[in-house]
Amino acid sequence: MTVKFADVKTGDALPPYTTLPLTRTDLVRYAGASGDFNPLHHDNTFVNVFGMERVIAHGMLIMGIAGEAITAWIENKNLRKFNVRFAGMTEPADFNDLEGTSKRATITVTGRVTEKFEENGEKKIRCEIIAKDALDSVKLTGFFIAALS
Amino acid sequence: MADKSKLGYEFPVRILAVEKGKIAEFAMAVSQKDSPEKLNPIYADAGAAKKAGYPGIVIPPTFPTCLMFWTQGGLMGVVNSLGINLGRLLHGEEEYEYFGSVCADDVLTGKMRVADMYDKEKKDKPGKFMKFTVLETEMRNQRGELVLKARSTLLER
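Protein chains in written order, with my numbering: chain A, -13 to 135; chain B, 218 to 374.
In structure tokens, the structure reads:
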């Protein structure tokens, strides 16, 4: 259902969106899709050189997930601006310890409408967003602006 | 560390043909879906996309990142021309402004330039600085229409 400008109030929540625990396979899939083959995201021998224990997810994968969360609520064509600031790294779940590692790899995106305004003849909303893992560690914060009819 | 003389540098023009298969692959990667049939149909089915008011299969919001990675030597091309150490590279911030739909079979031409370079002292380590590089990219379609602007802030830890 299309979200209408008149039906949105300041303070309204973006419907929360939660991923499955991110795995190394998700990271490899994103590397191939985006073309970002920085070995930081798939090669443990590379990250070890820089003193890190394991690979981390692409920040842009987390932003992509936030984009999914947004367009599950607002239509893609209504998006006018999308900004994020990366706040923390995301380590994937380890298959040999799923119970102990899934929470750090499960991302939930939430948000809240902070402003309704008119600009260039369009009715717009501004919504602040935040992505956290299930241990409450912040991955990114940001906002989007959408034009609604 | 990033070479400050690169402030204002304009990278060679980047051209990306927006392919239907690439859109589906990207949409699957950000939604953890293992087949195109499970996607929001606007990312995989031209008929459904048109019905939903798009000129064709449309790109997901962060798809423009592909322009950086699939053209002109990708990430290494950018990192090398700026003198950034890959192992110290972090992505600080990313912003997209959308001016029009980008669909399968469009051809994007991107002009990327180094918009800013600055240092910021680390909060936990006085006297130590993080180096920031801001890249701005304008993307036009095959009709010359400005469809997207991207702003990426890279930093070296």
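Ideal Cβ placement from N, Cα and C applies to all residues, glycine included.
In the DSSP assignment, asparagine 69 of chain A is bridged to A:Phe129 and B:Glu312. C-alpha of alanine 244 of chain B to C-alpha of isoleucine 56 of chain A: approximately 14 Å in a straight line. Using a Cβ-Cβ cut-off of 7 Å, threonine 100 of chain A is close to nothing in chain B; its nearest Cβ partner there is about 17 Å away. Taking a Cβ-Cβ cut-off of 9 Å, the neighbours of aspartate 12 of chain A in chain B comprise Ala246 and Gln249, given in sequence order. CA-to-CA, the gap between leucine 134 of chain A and asparagine 24 of chain A works out to about 38 Å. Across the structure, threonine 94 of chain A and phenylalanine 36 of chain A are spaced so that their CA atoms are roughly 29 Å apart.
Here lysine 339 of chain B carries a coil assignment [DSSP, helix/strand/coil]. Identification of residues in the segment 307 to 331 of chain B having a C-beta nearer than 8 Å to some C-beta of chain A yields Leu307, His308, Gly309, Glu310, Glu311, Glu312, Tyr313, Glu314, Tyr315 and Ser318, given in sequence order.
Bounds of the beta strand (DSSP E) holding glycine 97 of chain A are 93 to 105. Inside the segment 273 to 312 of chain B, DSSP marks whole alpha helix (DSSP H) runs of 4 or more residues at positions 282 to 286 and 291 to 299, from first to last along the chain.
Ranked by Cα distance from lysine -10 of chain A, the options A:Lys109, A:Phe130, A:Cys113 and A:Ile131 are led by A:Lys109. A distance below 7 Å between beta-carbons, with the five flanking residues on each side excluded, links glutamate 236 of chain B to the following residues of its chain, in chain order: Ala321.
If you compare the alpha carbons of A:Leu121, A:Ile131, A:Val99 and A:Val124 with that of glutamate 105 of chain A, the shortest gap goes to A:Ile131.
With a threshold of 7 Å between beta carbons, valine 70 of chain A makes contact with chain B. If you check each beta-carbon in the segment 264 to 290 of chain B against every beta-carbon of chain A, the ones closer than 7 Å belong to Gly270, Tyr271, Val275, Pro277, Pro278, Thr279, Thr282, Cys283, Phe286 and Trp287.
Per DSSP, the beta-bridge partners of phenylalanine 349 of chain B are B:Tyr335 and B:Leu372. Note: aspartate 322 of chain B is not bridge-paired with any residue in the DSSP secondary-structure output. Among the CB atoms of chain B, none fall inside 7 Å of the CB of serine 123 of chain A.
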